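Residue numbers for the sequence shown follow the numbering used here, so the first one is 11 and each next one is one higher.
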Amino acid sequence: MISHTRRSLLLGTAAGAGLALIPGRAPFAQAVATPPKLDVPYVPTPQEVVDRMLAVAKVGKNDVVYDLGCGDGRIVVTAAKQFGARGVGIDINPERIAEAKANAKKAGVAQRVDLRVANLFETDLSPASVVTLYLLPNINLKLRPQLWKQLRAGTRVVSHAFDMGADWPPEQTVDASGRTIYMWTITAAQKSAAAPAALGRA
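And the structure:
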């Protein structure tokens with residue numbers, strides 16, 4: 011339904027604008043945006059894996075699916091078009107968000123999908139009932155306390171390729187066309203454990 015570019019995995023802090031001289035037009039200078047710093051490379055998730063991730067999470071029409079590092083938006087677009095859910099896509103790269111918005115419009119689900127240029131570590135994830143990821147192991151571990159703190163008990167977390175470390179084993183591990191999908195459910199115990207840790211950092 012969407013072409014081959016899924017999944018951006020772009021998380022870092024956006025850099026400011028710089029000045030660059032245009033060849034043949036010196037001494038005039040033009041401000042150009044410096045590309046955002048990327049903590050994870052842009053690697054698309056195959057559509058069949060996207061479909062399986064959403065199926066493993068049992069996404070339905072009452073869900074709000076947050077995709078962290080949404081790239082071209084195919085997870086949230088698929089969640090809206092095939093499962094009737096609402097979607098929120100977060101990506102640090104404005105180009106990926108522009109592409110995702112175009113894909114949502116083309117799929118006829120723009121009204122059900124919110125696509126934002128943002129740093130996922132600075133994003134409130136509490137409205138989500140499903141969170142999808144295709145990051146890297148160190149990013150997953152860094153993100154884990156935020157998931158425990160912000161997400162409600164019962165929220166499903168689904169990751170393509172990478173788990174959350176030995177301290178949080180997945181409830182399900184699924185093979186999808188040779189790719190591994192992991193799934194967890196946020197528990198009340200995890201939220202209780204996250205609260206003292208958050209107070210300790212205050």
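Note that the Cβ used here is the ideal one computed from N, Cα and C, for glycine as well.
Every value quoted in this text rests on a predicted model; they were computed, and no experiment measured them.
Taking 8 Å as the upper bound for CB-CB distance, Tyr52 and Ala138 are not in contact here, some 23 Å apart. Beta-bridge pairing by DSSP links Ile100 to Leu78, Arg126. Residue pairing by DSSP puts Arg189 in a beta bridge opposite Ala186. If you check the CB distance, Thr88 and Asp124 do not come in under 8 Å. Pairing Ile100 with Leu130 gives a Cβ-Cβ distance under 8 Å. No Cβ-Cβ contact shorter than 8 Å links Arg122 with Gly81. According to the DSSP assignment, Val60 belongs to the alpha helix (DSSP H) that extends over 57-66. In the three-state scheme derived from DSSP, where H, G and I count as helix and E and B as strand, Ser139 is classed as coil. Inclusion of Gly83 and Asn113 in the CB contact set at 8 Å is warranted, their separation being smaller than that value. For the pair Thr142 and Met63, the CB atoms are nearer than the 8 Å cut-off. One thing to note: Arg189 has its Cβ within 8 Å of the Cβ of His170. Sequence-distant partners of Val66 (beyond 5 residues in either direction) whose C-beta falls short of 7 Å from its own C-beta, in its chain, are Val168, Gln182, Val184, Ile191, Met193. When Ala186, Asp173, Ile196 are compared, the shortest CA-CA separation from Ala163 is found for Ile196.
Look at Val168 here: in three-state DSSP terms it is strand. The three-state secondary structure of Trp194, taken from DSSP, is strand. With fewer than 16 other CB atoms across the displayed protein chains lying within 10 angstroms of its CB, Glu132 is exposed.
Taking C-alpha positions only, Ala108 is separated from Asn72 by approximately 26 Å.
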